[in-house]
C-alpha cells in the first residue's frame, strides 16, 4: 500500500482503509463497493515524500490515522456531551445544525507518509518543539480541559470554595489505608508526587526554622495540676506552621519483667496502633489524614517517646486524638493478637533473617550486658513474646507509662497556655507511679578480647561489631574531647574518619565503617543520631559493615590496628585542626529542625545538663587542645579489653581461624598503592590474642530464644 505515486482508484482518501460514516442523504461507494468520501478537497500527488525512509527531519509530519478510529473518538465525545447536557463548541456547529460527520470540515488536505520512523524523535535544536507537536493530536482533550476550567470558575471563586471545604468537619470514612511502617502511624499519602512535593516543602521550611528557632528549651514544672512529677519543655516559634509534640517516658526495654522481654515495646505499639476508646485503628488513620498529621512511637532501653506533629490550624483536632492515644488507649484483645504477630515477624523475619547488621549490633549488646536489663533486644525474645498477654500489657502500662516518669515537650506555633493545658490533662489522665524505677546493676567486667560468632548458614557476607561499656557520658568533663576524637576515628557515614578512609576509601573492602562514643540510632533516612534514646549506662562501639566472608579475618585485624593506633598515638596537630573545623560546622546540622531541637532539650533533662548539649559541646571544642584530646582518649578507650560480635556463615571455621592466629593476607581486584600493600603486610600478621576458649559460636536459631 505504500506506493510512491498517488492511487487514482482511491482518490479522495487521506490514506488507504475502510471508511464507515453516518448516512447523510445517500451512501456513496466506489467502483469496488468500498465506502468513500467525496466531500473533501482532493489530495495533491504523493510526490517524493510518500516513500521517504529514515531521513532525519525534526518537524516530520504525522502519519495518517484510520478515519474509523477518529469517528469512534468523536462519537464517544458526543455521547459524553449529551449526558452532561452541554453544548458543543462553536467549531463543531454549522448553520445551527449539528454536524454528523466524524470530524469538522477542514481546509487544505495534506498527504503524509504511511510510516515515519522519526515521528517521535526530536533532535536537540528542535527539542523545544516536541511538546507542541505532541499536543497537536490532543484537541479533544484540550477542549475538555477548557470546559472543566470554565466550570470551576475564576481563581478567586475556587479559593473561596477551598476555604469552605476546609471548614467542614473531617470525615472518618475516607482515605484509610491499613498498615504503617514499624513504630509509625503515618497519614496516608495520595501519590509519590505528592510525597515528593510535601517533603520538599517541609525541608525548605525546617531549613529556615533552623536559623531562627530557639536552640535550647525552657524546662519547668507546670503551674497547674497536682504535683505529679511532670516536667515541661517549651520551644515556642510563632512563625512555625506546625506544632510538634514529644511525650517521653523514662521507661524502656530495661523495665521489661523477667520472662516478658519485649513487653514495653508491645505496650507502646498497642497504644498507638491499636486505636483509642473512641476510634479503632482504621478510624484513627482516617482521622489523621484530613489533618495532615502524623503520630509515631519509639522505644529504647531507657526511654519511650510518643511523637506527634500537626499543622497549627488543626491543632485542636489533633490534640484530642493525641491525648486519647496516651490516656485512653483501647488495648483490645484482637488488636493485641494482631500486633503481637507483627512483633514476632519483626523479631524472626526482620531481625534474625533480613538484617545482619542490626543483628550484629544486638548480639554485641547482649554479649556486653549478659544477665543485665540491657541484654535483650527492644522487640523482645521469642519466649517473652509468647508469654505476653493483653492483661499483662494493661498492668505494664500503668506501671511504666505513668505521670511521674513523663516529660512533655512542645515546639512550634502553639498558642499561649497550651503547654500547661496539656500538662494538666496528662496529669489527670495518666496513672500515678506506684513504684520508683529500679537501679541498673553494673555491666559485667571484660578481661581481654572475647568474640561471639552468630553462625548463619548461607550468608554471603559477614557483619562485625566491636565495643565495650563506657563510663563517660554527656556531662562528663572528658566527653567533649572524646566525642571530637571519635569524629576522627569514624564519624557516622562521613569520610573524615580513619576507619572509613582505610577500609572503604583506600581498599574498597565494604560500604562503611564507623565509631561512636555513645549508643547510636540513626534518625530515619538522615545521617544524624536519633533523639530520646538516652541511656543511664553507655557504650563505645565500632560498626564494620558487611564484608566478604573470606576477608573477615583481615578486616577485623585492620579495625583493631586502627583502634590501637588511635589510642596509642592520638592525632597529629594537622588532623586535630581539620577534625575540629569539620565538627564545628557539621554538628550544627544536628539541630536544624524544631523536632530535633526539642528532642535535644528533653535529653538535656535526662542527663541533668545546665546548658544545651550542642552549645556546650561546640564551645568546649573551640578551647580544646590536641594534648587534652589525646589524654581523654587514653583515659576512656582501650584496644585490649573489648568484645566482638560477628554474624557470618561457617562460624566454626571462622572461630578456628581466629584462634590459630595465622596470617590473613588479602587480595584486591584492582591495583592499589605500594604503601597500602606495605601496611597490609603488617596488618595481616597482627596478633589478635584470641584463645579458643574466648570464642563462642551460637547458631542464629538459638539467639534470643529466652
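Residue numbers (the working numbering): 870 to 1575. Cβ atoms here follow ideal geometry from the backbone N, Cα and C, with glycine treated the same way.
Residue closest to residue i, alpha-carbon to alpha-carbon, out of the options
{"i": "residue 1529", "options": "1142, 1563, 1517, 1128", "result": "1563"}
{"i": "residue 1547", "options": "1107, 1535, 1166", "result": "1535"}
{"i": "residue 1405", "options": "1265, 1293, 1344, 1295", "result": "1344"}
{"i": "residue 1398", "options": "1418, 1495, 1419, 1360", "result": "1360"}
{"i": "residue 1309", "options": "1238, 1137, 1115, 1502", "result": "1238"}
{"i": "residue 1422", "options": "1338, 1401, 1523, 1336", "result": "1523"}
{"i": "residue 1159", "options": "1570, 1352, 1183, 1204", "result": "1183"}
{"i": "residue 1176", "options": "1476, 1538, 1141, 1312", "result": "1141"}
{"i": "residue 1197", "options": "946, 1545, 1572, 1147", "result": "1147"}
{"i": "residue 1256", "options": "1129, 1115, 1558", "result": "1129"}
{"i": "residue 1116", "options": "1224, 1498, 1178", "result": "1178"}
{"i": "residue 1188", "options": "1157, 1215, 1167, 1218", "result": "1157"}
Cα-Cα separation, residue i to residue j
{"i": "residue 1391", "j": "residue 1243", "result": "19 Å"}
{"i": "residue 1560", "j": "residue 1100", "result": "51 Å"}
{"i": "residue 1638", "j": "residue 1210", "result": "The question about residue 1638 has no answer, for the chain in this structure spans 870 to 1575."}
{"i": "residue 1119", "j": "residue 1297", "result": "19 Å"}
{"i": "residue 1201", "j": "residue 1143", "result": "7 Å"}
{"i": "residue 1471", "j": "residue 1342", "result": "16 Å"}
{"i": "residue 1450", "j": "residue 1487", "result": "11 Å"}
{"i": "residue 1541", "j": "residue 1550", "result": "13 Å"}
{"i": "residue 1556", "j": "residue 1525", "result": "14 Å"}
{"i": "residue 1227", "j": "residue 1171", "result": "19 Å"}
{"i": "residue 1103", "j": "residue 1288", "result": "7 Å"}
{"i": "residue 1299", "j": "residue 1195", "result": "8 Å"}
{"i": "residue 1334", "j": "residue 1225", "result": "11 Å"}
{"i": "residue 1379", "j": "residue 1331", "result": "10 Å"}
{"i": "residue 1204", "j": "residue 1149", "result": "9 Å"}
{"i": "residue 1383", "j": "residue 1375", "result": "15 Å"}
{"i": "residue 1484", "j": "residue 1246", "result": "33 Å"}
{"i": "residue 1558", "j": "residue 1481", "result": "43 Å"}
{"i": "residue 817", "j": "residue 1502", "result": "The structure shown does not extend to residue 817, since the chain spans only 870 to 1575, so no value can be given for it."}
{"i": "residue 1506", "j": "residue 1301", "result": "41 Å"}
{"i": "residue 1465", "j": "residue 1317", "result": "39 Å"}
DSSP-derived helix/strand/coil call for residue i
{"i": "residue 1146", "result": "coil"}
{"i": "residue 1573", "result": "coil"}
{"i": "residue 1366", "result": "coil"}
{"i": "residue 1384", "result": "strand"}
{"i": "residue 1512", "result": "strand"}
{"i": "residue 1278", "result": "strand"}
{"i": "residue 1564", "result": "strand"}
{"i": "residue 998", "result": "Interpretation of residue 998 is limited by its pLDDT of 38, a score under 50 that renders its predicted location unreliable; the figure taken from the coordinates is listed afterwards. The answer is helix: DSSP assigns residue 998 an H, G or I state."}
{"i": "residue 1555", "result": "coil"}
{"i": "residue 1122", "result": "helix"}
{"i": "residue 1117", "result": "strand"}
{"i": "residue 1136", "result": "helix"}
{"i": "residue 1410", "result": "strand"}
{"i": "residue 1270", "result": "coil"}
{"i": "residue 1378", "result": "coil"}
{"i": "residue 1439", "result": "coil"}
{"i": "residue 943", "result": "helix"}
{"i": "residue 1164", "result": "strand"}
{"i": "residue 1298", "result": "helix"}
Sequence-distant residues of its chain with Cβ nearer than 6 Å to residue i (five each side left out)
{"i": "residue 1281", "result": "1106, 1109, 1111, 1112, 1113, 1463"}
{"i": "residue 1270", "result": "1118"}
{"i": "residue 1552", "result": "1426, 1427, 1430"}
{"i": "residue 1161", "result": "1180"}
{"i": "residue 1520", "result": "1322, 1324, 1566"}
8 Å contact criterion, which residue i and residue j should meet: CB distance rounded
{"i": "residue 1467", "j": "residue 1229", "result": "About 32 Å; that fails the 8 Å criterion."}
{"i": "residue 1137", "j": "residue 1173", "result": "5 Å"}
{"i": "residue 1139", "j": "residue 1262", "result": "6 Å"}
{"i": "residue 1409", "j": "residue 1339", "result": "5 Å"}
{"i": "residue 1254", "j": "residue 1307", "result": "Not confirmed; about 22 Å, so no contact."}
{"i": "residue 1386", "j": "residue 1355", "result": "5 Å"}
{"i": "residue 1490", "j": "residue 1452", "result": "6 Å"}
{"i": "residue 1403", "j": "residue 1456", "result": "Rounded, the Cβ-Cβ distance is 17 Å, inconsistent with contact."}
{"i": "residue 1268", "j": "residue 1216", "result": "Between residue 1216 and residue 1268 the Cβ distance is about 23 Å, and since that is not below 8 Å, they are no contact."}
Cut-off 7 Å between Cβ atoms - residues of its own chain near residue i, not counting five sequence neighbours on either side
{"i": "residue 1370", "result": "1364"}
{"i": "residue 1236", "result": "1321, 1512, 1514"}
{"i": "residue 1444", "result": "1357"}
{"i": "residue 1381", "result": "1362, 1369, 1373, 1414"}
{"i": "residue 1353", "result": "1448, 1449, 1452, 1490, 1493, 1498"}
Sequence-distant residues of its chain with Cβ nearer than 8 Å to residue i (five each side left out)
{"i": "residue 1208", "result": "1135, 1138, 1139, 1142, 1143"}
{"i": "residue 1241", "result": "1309, 1310, 1312, 1313"}
Residue-level contact to chain C via CB, residue i, 7 Å cutoff
{"i": "residue 1363", "result": "No chain C is part of this structure, which consists of one protein chain only."}
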